[in-house]
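Here is the structure we will look at.
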Amino acid sequence: MGAGESKVIEVSSVKTAAWVRYKCQFGCDGFGECWTCPPHSPGPDDTQKILNCFQKAILIHCKSGSKVDISKTVLQIEKEAFFAGYHKALGMGAGPCRLCAECNLKSECRHRDKARASMEACGIDVFTTVRNNGFTIDTLDSVKCKADYFGLVLIE
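Residue numbers for the sequence shown, in my numbering: 4 to 159.
Spelled out as C-alpha cells, the structure:
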C-alpha cells in the first residue's frame, strides 16, 4: 500500500509512557487543536488497557517524501483487516489529523469513520516501540531532515 516497510509484531513490545503526552502538550503546536490529539485522545493508561486486549499488531514505516500518508495507509490496512475477519482491528497513525482544515471541536468529529489518533497522541513511546521491533529511528537535528513515520494496526 505504498509503505516502505511493515512488520507483524508482538503487542507486548509496544510501550506507553506518561511523558509522551507531556511532549505533545509542551512541544507540538497542534495540542488541543483536534479530536485526535491530546487532551481529547486516550491517555497512556487507557491505551495500555486497549493494548492488553491484543497480542499482535502491524507496525508500518514510511519515510517523509514518499508521497504516502501514513494515517491513510493505517486506515486502509485496518479496514482490510476488518473485512478479512479481524473484527478488533484498530489503527493509529502519526501526527495530527489532516482531514479537515479546522477541527470541529464544538461538536462531533465530522470524519469519525476516517479519523485516527496517532500513536504518540495516545501515549505510545514510538521511539522505544520502533527500536524494540528492529527498525532504526533517530531524533532529527533539523526540521529539514527526512523524518520516519510509523503507524500501528492492532489486529486479532
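Where is the CB? At the ideal position from N, CA and C, for every residue including glycine.
Quick caveat, the model's predicted, so the values are computed rather than measured.
Would LEU62 pass as a contact of SER9 if the rule is Cβ separation under 8 Å? Mapped onto the sequence shown, residue 62 falls at position 59. Mapped onto the sequence shown, residue 9 falls at position 6. Yes, the Cβ-Cβ distance between LEU62 and SER9 is below 8 Å.
From CYS37, LYS91, PHE29, residue whose alpha carbon lies closest to that of SER121: The residue labelled residue 121 in the question sits at position 118 within the sequence shown. Residue CYS37 is the option with its Cα nearest to SER121.
Bridge-paired residues (DSSP) for THR19: The residue you call residue 19 lines up with position 16 of the sequence shown. In the DSSP output, where bridge partners are listed per residue, THR19 has ILE127.
SER74 classed as buried or exposed, judged by whether at least 16 other C-beta atoms fall within 10 angstroms: If you number the sequence shown from 1, residue 74 lands on position 71. With a threshold of 16 other beta carbon atoms within 10 Å, SER74 meets it and is buried.
Given this structure, state the Cα-to-Cα distance separating ALA60 from PRO45, to the nearest angstrom. Numbered from 1 along the sequence shown, position 57 holds the residue referred to as residue 60. Numbered from 1 along the sequence shown, position 42 holds the residue referred to as residue 45. Rounded to whole angstroms, the separation of the alpha carbons of PRO45 and ALA60 is 18 Å.
Would DSSP call ASP151 helix, strand or coil? As a first step, residue 151 must be located in the sequence shown, where it is residue number 148. Three-state DSSP puts ASP151 in a strand.
My assumption, with CB atoms under 8 Å, is that ASP151 sits in contact with ILE140. Please give the rounded CB distance. If you number the sequence shown from 1, residue 151 lands on position 148. If you number the sequence shown from 1, residue 140 lands on position 137. At roughly 5 Å, the Cβ-Cβ gap stays under 8 Å, so ASP151 and ILE140 are in contact.
Using the DSSP secondary-structure output, state which residues sit across from ILE63 in a beta bridge. Indexing the sequence shown from 1 puts residue 63 at position 60. DSSP output for ILE63 lists SER9, GLY154 as bridge partner(s).
Let me confirm a value: LYS18 is counted as buried when at least 16 other C-beta atoms fall within 10 Å, else exposed. Which label applies? As a first step, residue 18 must be located in the sequence shown, where it is residue number 15. Counting of Cβ neighbours within 10 angstroms places LYS18 among the buried residues, the total reaching 16 or more.
Would you mind giving the Cβ-Cβ distance between ALA97 and GLY154, rounded to the nearest angstrom? I have them listed as a contact below 8 Å. Position 94 of the sequence shown, counted from the first residue, corresponds to residue 97. Position 151 of the sequence shown, counted from the first residue, corresponds to residue 154. The C-beta distance from ALA97 to GLY154 rounds to 6 Å, short enough to meet the 8 Å contact threshold.
Cα-Cα separation between GLY30 and VAL23, rounded to whole angstroms: The residue you call residue 30 lines up with position 27 of the sequence shown. The residue you call residue 23 lines up with position 20 of the sequence shown. About 10 Å.
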